[in-house]
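*Asks:* Please see the structure below; I have some questions.
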Ligand SMILES: [Zn+2]
């Protein structure tokens, strides 16, 4: 039965990538992937828990390259929220995960957001000693322009809160371009569809590569069922094309994929077998 992913680490050449859990969500699968049906899920029961819920992890990915530390996404934050019809979202573990990784949040040089849905921005700021402050005080805060423009000034319950995300970032945000280098071996890749400015992060070193997918892939069931787009996709058709493009990239045997929402284990590969694509958990070059 799927469970939220635990902390784990891989290396890509000289670069270390660590999944830092913050929490999880337990989703109503047909509400989250509205093209799916209870009958169709009978063929894909391995992705559901005993209660028939889709288990999704929530967390950030830490990239350590040379003397640079980059955090991709900041989890859900220290809270639990029930979303009627979808299920609970639970966060709160991210700073504990930093401790177990032996990294001080003050050492993060850059935070890059794949996008600004609420389960990716939760630890942007926090209240400490009665005042709200950025959780990663020494970081540059990076995202692509279309993402900031899409959400800035709006108060959408699925997006970044005004007081806890938008205002703290207002004077700090730096807009970056597709392909831009964030740190040695770390590049931004525009992957729009789920949101207009959605970005993935490509890590390359020593002839190996990892792609942090963000919400291009929520669950490997989407390899078998490409029509099952997420209810929160702003442009589902573009999202499908983007997912197809990245799955092709992941068929390269030297490329590992990572998504903070995968249950059980954050890292995996895409292989062709039995006439179709399969998600293979782990990082061994096959
Ligand atoms: Zn998400």
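Residue numbers (the working numbering): 2 to 287.
Each residue gets a CB set at the ideal place from its N, CA and C atoms; glycine is no exception.
Around the Cβ of residue 182, are there at least 16 other Cβ atoms within 10 angstroms (buried) or fewer (exposed)?
*Replies:* Exposed: under 16 other Cβ atoms inside 10 Å.
*Asks:* To the nearest angstrom, report how far apart residue 35 and residue 122 are at their CA atoms.
*Replies:* Their Cα atoms are separated by approximately 25 Å.
*Asks:* Between residue 251 and the rest of its own chain, which residues show a CB-CB distance below 6 Å, the 5 nearest in sequence each way excluded?
*Replies:* If we look at residue 251 and ignore the five residues flanking it on each side, its Cβ neighbours are 258 and 271.
*Asks:* Report yes or no: do the stretch 62–72 and the stretch 107–125 share at least 3 C-beta pairs separated by less than 8 Å?
*Replies:* yes
*Asks:* Give me the residue from 15, 77 and 92 with the minimum Cα distance to residue 208.
*Replies:* If we check each option's Cα against that of residue 208, 15 comes out closest.
*Asks:* Express the C-alpha separation of residue 141 and residue 192 in angstroms, rounding to a whole number.
*Replies:* Cα-Cα distance, rounded: 21 Å.
*Asks:* Can you list the residues near ligand 1, meaning Cβ strictly closer than 6 Å to any non-hydrogen atom, in the order they appear in the chain?
*Replies:* 118, 120, 121, 216 and 262
*Asks:* Compare the beta carbon distance of residue 167 and residue 158 with 8 Å and say whether it is the shorter of the two.
*Replies:* The answer is no: Cβ separation not under 8 Å.
*Asks:* In three-state DSSP terms, what is residue 287?
*Replies:* Any reading at residue 287 must be qualified, since the residue scores a pLDDT of 41, below 50, and its modelled position is unreliable; no value is offered.
*Asks:* Indicate whether the contact test is met: 3 or more Cβ pairs, each with one atom in the stretch 186–201 and one in the stretch 210–217, closer than 8 Å.
*Replies:* Yes, they touch.
*Asks:* Given this structure, state the Cα-to-Cα distance separating residue 64 from residue 3, to the nearest angstrom.
*Replies:* 26 Å
*Asks:* Check whether the Cβ atoms of residue 284 and residue 20 sit closer than 8 Å, and answer yes or no.
*Replies:* no
*Asks:* Whole angstroms is fine: what's the gap from residue 104's alpha carbon to residue 139's?
*Replies:* 13 Å
*Asks:* Use the C-beta contact count for residue 47: other C-beta atoms within 10 angstroms, 16 or more gives buried, fewer gives exposed.
*Replies:* exposed
*Asks:* Sort 44, 62 and 98 by Cα distance to residue 18 and report the nearest one.
*Replies:* Restricting attention to 44, 62 and 98, the CA atom closest to the CA of residue 18 is found in 62.
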